[in-house]
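Below: one structure, written as structure tokens.
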Amino acid sequence: MTRRKIVAGNWKMNGSLESVVELVQGIQTYATLDVVVAPSFVYLPVVSNMVRDTDIKVAAQNASEQAKGAYTGEVSLSMLQDFSVSHVILGHSERRSLYGETDAQVAQKVAATLAAGLTPILCIGETLEQREAGITLDVCQRQIDAVLDVIGTEEFAKVVVAYEPVWAIGTGKSATSEQAQEVHKGIRDHIAKRSETVAQVVAILYGGSVKASNSAELFAQADIDGALVGGASLDVQEFNSIIESAK
Ligand code: 13P
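Take the sequence shown: its letters are residues 40 to 286, numbered as in our numbering.
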């Protein structure tokens, strides 16, 4: 089964109005894959406007599981819909570790995102301690099951999974393509226990120190369907090279 590749840039809390505009202007797209950018919330209106006549898709870096109300500092899915956002990154390890998001809360966010007709990019992955303890797949399976149990197997076909080993995020130390493929296959096999069809459809991206020099090798792996890129997505030449290696 050939799944369409996705290259997504997670800009995190980086950039300025000027640098964000410059970055978007320089991004290349190809008909054969999806290119997604995730600016800070405040730049979503500008970026959405800029990409209107391009093939670039826009993601938010988070969303509230609540529809509306007294939730100071939160952003709802209907607000994101006002700005043509198509994807929402959820459960990023920085949200889990720094802001206390739990598996249960992430599952609610995924459910709310699907109900709004947007595509969740569900981030999962183990810490170095968990890898060294040999429980990488157990951790990933627990994070996936929390979502599967809430949304059901069929709906999971609309979810994009991003496997991001915590030890590889922002460290310059990417998982090797073999290490990544092993976990991606393990995740797909786990989903296949519920539905072989859904497992074949779900895109599983790799994230964690992806750069132009390692992306082609990662993308060549059978179960790696693209990347969620942090630091390297802030450099337009580097990001374009990663995109090109996925086409
Ligand atoms: P880096 O590519 O900077 O390691 O970040 C990965 C990431 O967290 C993407 O969501």
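In this text, a Cβ means the ideal position worked out from N, Cα and C, and glycines have one as well. Keep in mind it's a predicted model, so treat the numbers as computed, not measured.
Using the Cβ count rule (16 or more neighbours within 10 Å means buried), how would you classify residue i?
i	result
Glu140	buried
Asn88	exposed
Asp188	exposed
Ser136	exposed
Pro204	buried
Ala201	buried
Arg227	buried
Gly112	exposed
Lys212	exposed
Leu83	buried
Ser284	buried
Leu129	buried
Glu133	buried
Asp94	exposed
Ala102	buried
Less than 8 Å between the CB of residue i and some heavy atom of the ligand SAM, yes or no?
i	result
Ala155	No copy of the ligand SAM appears in this structure; the ligands present are the ligand 13P.
Span of the beta strand (DSSP E) holding residue i?
i	result
Val46	44-49
Leu267	265-268
Lys148	Note, Lys148: premise wrong, no beta strand (DSSP E); alpha helix (DSSP H) at 142-154.
Lys96	95-99
Val199	199-202
Thr158	158-163
Tyr245	243-246
Val76	72-77
Ile128	126-129
What residue range is occupied by the uninterrupted alpha helix (DSSP H) comprising residue i?
i	result
His229	216-231
Leu137	132-138
Thr175	175-190
Val275	275-284
Gly14	Outside the displayed span of the chain (40 to 286) sits residue 14, for which this structure offers no information.
Val90	83-90
Val240	235-240
Ala251	251-258
The stretch 237-251 / the stretch 210-227 touching (three or more Cβ pairs under 8 Å): yes
Below 6 Å from a heavy atom of the ligand 13P - residues by beta-carbon: Asn49, His131, Glu203, Ile208, Gly209, Gly246, Gly247, Ser248, Val249, Leu267, Val268, Gly269, Gly270, Ala271
The stretch 70-77 contacting the stretch 104-113, beta-carbon criterion three pairs below 8 Å: no
The stretch 228-243 in contact with the stretch 176-196 per 3-pair CB rule at 8 Å: Because the criterion of three Cβ pairs below 8 Å is met, the stretch 228-243 and the stretch 176-196 touch.
The stretch 271-283 contacting the stretch 45-65, beta-carbon criterion three pairs below 8 Å: yes
Validate contact between the stretch 124-131 and the stretch 167-181 using beta carbons, cut 8 Å, 3 pairs: Under the three-pair Cβ rule at 8 Å, the stretch 124-131 does not count as touching the stretch 167-181.
Cβ contact (3+ pairs, closer than 8 Å) linking the stretch 40-53 and the stretch 256-275: yes
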